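K.L.:
Next up is a structure, given as structure tokens.
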Amino acid sequence: MNRSIFNRLMVTLSLLCVWMSAHGETPTELPAYDYRVEQYRSGWNRLVPRYVKLQTGGLMGAVSVGTGWNYGRDHWETDFILGLIPKFSDDHARVSLTLKQNYYPWKVQLGNSPFTFEPLSCSFFVNVIMDRDYWVSQLDKYPNGYYWFSTRVRMNLGLGQRWTLRIPESRRKFHRSVSFYYEFSTCDMYVTSAVTNRYISFWDILRLSLGVKFQIL
Amino acid sequence: MARMRIVYLPKNRCRNVVWLLLLLTITSCNLLESSPYDARVTGDTGINARNVARIEKALDGKSSFRFAFISDTQRWYDETEAFVAHLNSRDDVDFVLHGGDVSDFGVTEEFLWQRDILNELKVPYVVLLGNHDVLGNGVQVYRRVFGEENFSFMAGDVKFICLNTNALEFDYSNPIPDFSFIKAQLKDDNPAYRRTIYAMHVAPGDEQFNNNVADVFHLYVKLSPGILCGLYGHGHTFAEADKFGDGIIYYETPCIGKRFYLMFTINAEGYSYEPVYF
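One line per chain: the protein sequences are S and F, in this order. Under this note's numbering, the first residue of the first sequence is numbered 1, with each subsequent residue one higher. Under this note's numbering, the first residue of the second sequence is numbered 218, with each subsequent residue one higher.
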């Protein structure tokens, strides 16, 4: 099984390399080698993360740091978030990783101000607790079908809004813009509990995240 | 006519107060949750110890009493709530014994939701540790909300020995069942201690039990002063079995989703039980 995952990864990576080296405008008068190196570099440049996010809550850590890519006319965004789960009643703090896909259907310019407003953000994210006490699927020691769920991997959905302040070029130091956002989200386990019980209300399973995004590129 | 006086706070101080209030509301309702397994316990804790004290005080010197035995209430919040309403409408029950599995996923919020429902009971209740309660960091949350996973209490002249028997969850790295705990219980020289009931989440013979020592475990059960019976849950159905062929009966109470439980009546002669539908 590990071998097949490895094979798939290699195929994906080589396809990515081919795509990156083939992508771009028509050849200029550059020598073929220089042209290809240029294409190669610009391909890799696309992979440079474009922003940094600082965030709290939302089932992604009490304090979390994210980075990622915006694309598709800034309608789409893919985050990679590292979060800290404090100790509380557990005997140790833990770290979680989140892969998050966001979609912003609309962007509204607020008058003549430097602010834009995105009235809706929709997101789907997968969160993984990096700790040995949690498993992706039940361990071999259990009989078949003993636990049907994963304690390590959470599937989450979120809805929110975002305000973005454009920094004028003359005053830019490192960032093009700063955004402030909030999002209400919930996870698979909470939804499972709520849909089968009247006792658990819609509001009981909502969690909030607050964050700041610094757009670098 | 009295004139209204408006006190203006200095601007930055006012802003600080607003921020502080906002921060307080957000943190107090746990909206900004870091993980479903955050182990952040808000509200009531140490329930078993407090309720054990209530049971021991109320039944001190008695040899007859009645208790409801429920188990496996995980993700059956509505049914658990219905059970609590039903039990509160009776006034002939002294306490409730919960056989474990208050949580399904081991998620922190599940322990708190169940606690808040069960706290509505008029009579005291105690909760054992179930295998689902151990998942993730559930056992740490269980300890904080309910208490130690092995505990005992006196109800009149009967000692209830409540044990963690979820051996499979602990990879044999912890002594489960904990014989040193059982031995210490049997050495108890309390003159009121005449009879014994064992309560556990998983019975001997189940795949979750450490069956290598099932016979040894039962030997201790048999050695216990005035042994009455064994109680367990886990299987989600009702069962009654003389598991070791020596007349000591183990009773399984169904999950709360079946909407019935076992009501045990203890008197000087012994015990009896009946299934109660709600």
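For glycine and all other residues, C-beta sits at the position ideal for the given N, C-alpha and C. Quick caveat: nothing in here was measured; it's all calculated off a predicted structure.
(1) Within the chosen definition, does the region 153 to 163 of chain S reach the region 121 to 132 of chain S through at least 3 CB pairs nearer than 8 Å?
(2) Return the chain-ordered list of same chain residues with a C-beta closer than 7 Å to the C-beta of V493/F, the five sequence neighbours on each side being excluded.
(3) According to DSSP, what are the bridge partners of N70/S?
(4) Report yes if the CB atom of S441/F is closer than 9 Å to the CB atom of I378/F, and no otherwise.
(5) Within the same chain, show all residues whose beta-carbon is closer than 6 Å to that of R166/S, passing over the 5 residues directly before and after it, in chain order.
(6) V343/F and I272/F: beta carbons closer than 9 Å?
(7) Which residues of chain S have a Cβ atom closer than 8 Å to the Cβ of P253/F, listed in chain order?
(8) Counting only the same chain and skipping the five closest in sequence on each side, list residues whose C-beta sits under 7 Å from that of I334/F.
(9) Could you give the C-beta distance for P86/S and W106/S, rounded to a whole number, given that I count them as a contact under 8 Å?
(10) Where do the ends of the alpha helix (DSSP H) carrying W330/F lie?
(11) Using a Cβ cut-off of 7 Å, pull out every chain F residue sitting near I81/S, in sequence order please.
(12) With burial defined as no fewer than 16 other Cβ atoms inside 10 Å of the residue's Cβ, what is the status of F125/S: buried or exposed?
(13) Within 10 Å of its beta-carbon, does A256/F have 16 or more other beta-carbons around it, so buried, or fewer, so exposed?
(14) Measuring straight from C-alpha to C-alpha, what distance separates G211/S and Y103/S?
(15) Flag this pair as yes or no: are the beta carbons of I81/S and G57/S separated by less than 9 Å?
(16) Can you pull the chain F neighbours of S96/S, defined as C-beta to C-beta under 7 Å?
(17) List the DSSP bridge partners of M60/S.
(18) Please report whether the beta-carbon of N197/S lies at a distance below 9 Å from any beta-carbon of chain F.
(19) Quick check on this structure: which residue in N484/F, S489/F and G474/F has the alpha carbon closest to the alpha carbon of Y467/F?
(20) Nearest by alpha-carbon distance to H303/F: which of I473/F, G487/F and I483/F is it?
(21) Taking Cβ-Cβ distances below 9 Å as the criterion, which residues of the region 324 to 342 of chain F are in contact with chain S?
(22) For N484/F, does the three-state DSSP call read helix, strand or coil?
(23) Beta carbon of R73/S: closer than 8 Å to some heavy atom of the ligand HEM?
(24) Identify each residue in the region 349 to 367 of chain F for which the Cβ-Cβ distance to at least one residue of chain S is less than 7 Å, and report them in chain order.
(25) Considering only the beta carbon of each residue, do F398/F and D432/F sit closer than 9 Å?
(26) Against R207/S, what residues of chain F qualify as contacts under a CB-to-CB distance less than 8 Å, listed in chain order?
(27) Can you tell me where the alpha helix (DSSP H) with V195/S in it begins and where it stops?
(28) Determine the chain S residues that contact E298/F at a beta-carbon separation under 8 Å, and present them in chain order.
(29) Taking Cβ positions only, does A498/F come closer than 9 Å to chain S?
P.N.:
Checking against the coordinates, here is how it stands:
(1) Under the Cβ criterion (8 Å, minimum of three pairs), the region 153 to 163 of chain S counts as touching the region 121 to 132 of chain S.
(2) If we look at V493/F and ignore the five residues flanking it on each side, its Cβ neighbours are F477, Y478 and M480.
(3) E77/S, per the DSSP bridge assignment.
(4) Their beta carbons are under 9 Å apart, which means S441/F touches I378/F by this criterion.
(5) Correct list, in chain order: P114 and S177.
(6) Against a cut-off of 9 Å, the Cβ pair of I272/F and V343/F comes out as a contact.
(7) Those are L59, R154, C187, M189 and Y190, listed as they occur along chain S.
(8) The answer, listed in chain order, is Y294, T297, E298 and V301.
(9) Between the beta-carbon of P86/S and that of W106/S there is about 36 Å, and that puts the pair past the 8 Å contact cut.
(10) Where W330/F is concerned, the enclosing alpha helix (DSSP H) stretches over T325 to L335.
(11) The contacting residues do not exist; I81/S stays about 12 Å from chain F at best.
(12) By the neighbour-count rule (16 or more Cβ atoms within 10 Å), F125/S is buried.
(13) Looking at its Cβ environment, which holds 16 or more other Cβ atoms inside 10 Å, A256/F is buried.
(14) The alpha-carbon separation between G211/S and Y103/S amounts to approximately 16 Å.
(15) Not closer than 9 Å, so no.
(16) Per Cβ cutoff of 7 Å: S252.
(17) As far as DSSP is concerned, M60/S takes part in no beta bridge.
(18) Chain F contact via Cβ: present.
(19) With distances taken between Cα atoms, Y467/F lies closest to S489/F.
(20) The residue with the shortest Cα to Cα distance from H303/F is I473/F.
(21) Under the 9 Å Cβ criterion, the region 324 to 342 of chain F contributes V324, T325, E326, E327, W330 and I334.
(22) The answer is strand: DSSP assigns N484/F an E or B state.
(23) With respect to the ligand HEM, the structure offers nothing, as it holds no ligand at all.
(24) Within the region 349 to 367 of chain F, the residues whose Cβ lies closer than 7 Å to some Cβ of chain S are L352, G353, N354, Q357, V358 and R361, listed in chain order.
(25) For the pair F398/F and D432/F, the CB atoms are not nearer than the 9 Å cut-off.
(26) Correct list: L248, L249 and E250.
(27) Counting along the chain, the alpha helix (DSSP H) containing V195/S begins and ends at D188 to V195.
(28) Correct list: Y199.
(29) Because residue 498/F is not part of the residues shown, which for chain F are 218 to 495, the question remains open.
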